[in-house]
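Below is the structure:
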């Protein structure tokens with residue numbers, strides 16, 4: 013009986029050790045607190061096209077780990093889809109993950125979506141949920157509103173440096189012409205990278221404008237986009253976080269703010285994937301388009317990070 017009793021105790025101790033190490037992160041020694049894979053990337057039409065280059069996915073790899081560079085998402089609709097190598101838990105009353113900004117100062121808000129790996133295949137092929145923010149549902153005038161299920165179609169120009177014509181899916185329909193230089197004279201490869209098509213359509217959430225003109229300057233609205241968006245320097249959710257061996261500013265997010273396609277709250281125990289999309293469709297004079305730029309993301313509950321922050 014003694015050997016069996018000793019074996020039982022040993023098994024219980026082993027089980028306790030496994031449970032004590034289970035933080036919802038998988039192996040704490042093998043998992044990374046940072047993004048480990050980019051699954052999809054589409055640059056929206058924008059002035060930084062030549063900096064992205066024709067191989068967009070190569071550019072998007074900057075979002076992995078703690079690359080000191082950043083990823084251009086381009087004008088409205090441009091996006092990146094990436095994932096962690098573990099499930100990021102949704103802990104009540106706490107911020108769960110963060111998206112690093114580029115080293116800048118002007119707000120260029122990006123909408124953040126999250127997805128759980130429901131089918132367990134390690135791919136972002138389940139349902140996306142938007143994380144609501146300060147502008148969700150707001151409308152400042154008839155042409156400056158939050159719009160869910162917004163679409164913009166960009167039409168291929170005749171010449172590479174021509175302005176690009178666009179139209180949206182609203183009633184009455186919006187349409188316009190992007191200012192000269194919007195594609196940085198690289199519209200030719202921008203279109204060829206999408207199969208040499210005549211038009212391309214982006215879908216997502218449109219946020220209210222983030223800037224207004226004061227004389228010759230374009231300033232951020234002080235009472236808009238106060239929380240809930242990527243690359244939002246004036247947001248109340250901006251923090252300075254560990255970034256490899258250094259630090260970088262980031263906007264922090266609560267998975268508890270997830271909503272479905274109708275705007276109804278959704279309870280997600282955890283998420284594995286994130287999508288960040290340029291949310292403002294605005295040409296701000298000489299600044300040109302408002303376009304989100306980001307430089308990675310981090311799981312705030314990962315032991316390597318949680319031990320270094322004291323504001324949760």
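Numbering (this note's numbering), first residue to last: 13 to 324. From the three backbone atoms N, C-alpha and C, an ideal C-beta is built for every residue, glycine too.
With a cutoff of 9 Å on beta-carbon distance, residue 301 and residue 87 are scored as near each other. Taking one beta carbon from each stretch, the region 305–313 and the region 98–115 have 3 or more pairs nearer than 8 Å; the two touch. The Cβ-Cβ distance between residue 55 and residue 71 falls below 9 Å. Look at residue 260 here: in three-state DSSP terms it is strand. In this structure, residue 96 sits away from residue 287, with a CB-CB distance that is not shorter than 9 Å. Under the three-state reduction of DSSP output, residue 315 falls in the helix class. Our two residues, residue 241 and residue 262, have alpha carbons roughly 10 Å apart in a direct line. A residue is called buried when at least 16 other Cβ atoms come within 10 angstroms of its Cβ; residue 89 meets this threshold and is buried. With respect to the 9 Å criterion, residue 285 and residue 156 are not classified as neighbours on the basis of their beta carbons. Residue 251 has 262 as its beta-bridge partners, per DSSP. At least 9 Å separates the beta-carbon of residue 61 from that of residue 75. By alpha-carbon distance to residue 267, the top candidate from 103, 216 and 132 is 103. Nearest in C-alpha terms to residue 229, of all of 118, 47 and 258, is 118. With fewer than 16 other Cβ atoms inside 10 Å of its own Cβ, residue 324 counts as exposed.
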